[in-house]
Amino acid sequence: MQRLYGCVPLLNVVGSLMFLLIISLQPATYTSLGVEFDWRQGNLLLTAVLIGLALATAFAQRRRTKRWGLGVNVIIIVVMTVALWRAQVPDVISDYLWLWALLMIFNLGLIGWGWLKLRPQQNKRGSKGD
Numbered sequence: 446m447q448r449l450y451g452c453v454p455l456l457n458v459v460g461s462l463m464f465l466l467i468i469s470l471q472p473a474t475y476t477s478l479g480v481e482f483d484w485r486q487g488n489l490l491l492t493a494v495l496i497g498l499a500l501a502t503a504f505a506q507r508r509r510t511k512r513w514g515l516g517v518n519v520i521i522i523v524v525m526t527v528a529l530w531r532a533q534v535p536d537v538i539s540d541y542l543w544l545w546a547l548l549m550i551f552n553l554g555l556i557g558w559g560w561l562k563l564r565p566q567q568n569k570r571g572s573k574g575d
């Protein structure tokens, strides 16, 4: 998990950028793609905060801080999920939503595996019977 820990914040940064893409695209009939960007300051600020938090967790060094970092990354995923749940996502953009969901499911699996690997080590020595 020591080498793979850096993948969790990286996937959250990519997921945050996809999140910004999904919530910023609005259907439009006058463009060739059928969508246009609608950059709202609140969406940009939320994405910047989420990316900042994810990058901050990437610098964890100790076992305990890495576990805290995994917890923060789970909270970031939950915040993005709730925001997308409440957003009115047009059908044209639903393919991006599925890609984002698959990326976050993979990231949650990696977080769960990392959480198990970063558990405090238990004493493996058994007591010898008298």
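Those letters in the sequence shown? Residues 446 to 575, per the working numbering, in order. Just so it is clear, CB atoms sit at the ideal spot from N, CA and C, and this is done for glycine as well.
Buried or exposed: which applies to residue i, given that a residue is buried once 16 or more other Cβ atoms fall within 10 Å of its Cβ?
i	result
Val494	exposed
Leu449	exposed
Ile520	exposed
Ile550	exposed
Met463	buried
Ser461	buried
Ala505	buried
Thr492	buried
Leu465	buried
Leu456	buried
Leu561	exposed
Thr474	exposed
Whole-angstrom Cβ separation of residue i and residue j, contact assumed at under 8 Å?
i	j	result
Gly534	Val480	Per the sequence presented here, residue 534 reads as Val, with Gly not at that position. Contact doesn't hold; Cβ gap of about 11 Å is too wide.
Val453	Asn518	5 Å
Gly559	Leu515	6 Å
Thinking C-alpha only, which one of the options is nearest residue i?
i	options	result
Trp530	Leu563, Ile468 and Arg508	Ile468
Leu470	Leu489, Gly516, Gly554 and Asn457	Leu489
Ala546	Ile522, Arg564 and Leu555	Ile522
Gly487	Ala532, Lys562 and Leu563	Ala532
Leu542	Lys562, Arg512 and Val527	Val527
Ile496	Leu553, Asp540, Arg507 and Val524	Val524
In the DSSP assignment, find the beta strand (DSSP E) that holds residue i and state where it starts and stops.
i	result
Pro454	Segment Cys452 to Ser469 is the alpha helix (DSSP H) holding Pro454; no beta strand (DSSP E) there.
Along the chain, where does the alpha helix (DSSP H) containing residue i start, and where does it finish?
i	result
Ala546	Ser539 to Lys562
Unbroken stretches of the beta strand (DSSP E), 3 residues or longer, contained in the stretch 474-526: 480-482
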